[in-house]
Amino acid sequence: MNNRLLRWAMVVFPLLALLFFLYMTFFYSAYESAGRITYMQSCASCHGENGEGIALLVPPLRESDYLNVHFEQLPCLIRSGMEDTIVVNGKMYYQPMYPINLNDVEIANLMNFMQDSFMNERKNKSAIRTLWVKTQADSCK
Ligand code: HEC
63 MNNRLLRWAM VVFPLLALLF FLYMTFFYSA YESAGRITYM QSCASCHGEN GEGIALLVPP
123 LRESDYLNVH FEQLPCLIRS GMEDTIVVNG KMYYQPMYPI NLNDVEIANL MNFMQDSFMN
183 ERKNKSAIRT LWVKTQADSC K
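116 is the number that the numbering used here gives to position 54 of the sequence shown; each next residue is one higher, with no gaps.
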């Protein structure tokens, strides 16, 4: 009896662990610290460690009215870059941003970090999931 229970547990527990891992990887990504690392590696050099931007060269991400309106386009903006004249918090910017090669998981983590750290208006929004990023990115022009 005990033996059977043990064997049962040896099958069920690894299976549960695997399911949990798959769920975390593909459907749920609220790893804020992973997002912070991606931000520091891929964005901070231009947008600043605290999202403050650089004078009139690089727009801020912290409390950016532009980002608030275009948050859902962020996966495409990152992958395709941007070469527009835009107005962010009342100031005009026109330097190009080159495409940045991040995968769906990295972008989801990054967006969760950004909405928690830089965006008061999005603080209580639900977490961005990897699957959502994939859907958005698939529809990029
Ligand atoms: C090489 C410098 C550089 C890097 C690295 C960079 N950006 Fe940008 N980013 C810019 C510039 C310049 C603009 C303005 C583009 C324009 O006017 O067309 C911009 C615009 C933006 C905007 C829209 C304007 C705003 O401030 O709301 C967002 C959002 C953004 N970047 C997010 C990111 C994210 C997220 C990363 C990291 C994955 C990143 N950027 C990396 C230079 C950079």
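All C-beta atoms, glycine included, are put in the ideal place defined by N, C-alpha and C.
Taking the Cβ atom as the reference point for each residue, do V195 and I169 lie within a distance shorter than 7 Å? In this structure, the beta-carbon distance from V195 to I169 falls below 7 Å.
Quick one: using the 10 Å Cβ neighbour count with 16 as the cut-off for buried, is T147 buried or exposed? exposed
Considering Y128, what are the terminal residues of the beta strand (DSSP E) in which it resides? In this chain, Y128 is not harboured by any beta strand (DSSP E); it is covered by the alpha helix (DSSP H) spanning D127 to H132.
Please determine if the stretch 65–85 and the stretch 121–140 are in contact, where contact requires at least 3 C-beta pairs separated by less than 8 Å. no
Kindly indicate which residue of F175, H109, Y128 and L78 has the alpha-carbon position closest to the one of M159. H109
Segments of 4+ residues assigned as alpha helix (DSSP H) that fall wholly inside the stretch 73–118: 94–104 and 106–109
What does the Cβ neighbour count give for P121, buried or exposed, with the cut at 16 atoms within 10 Å? buried
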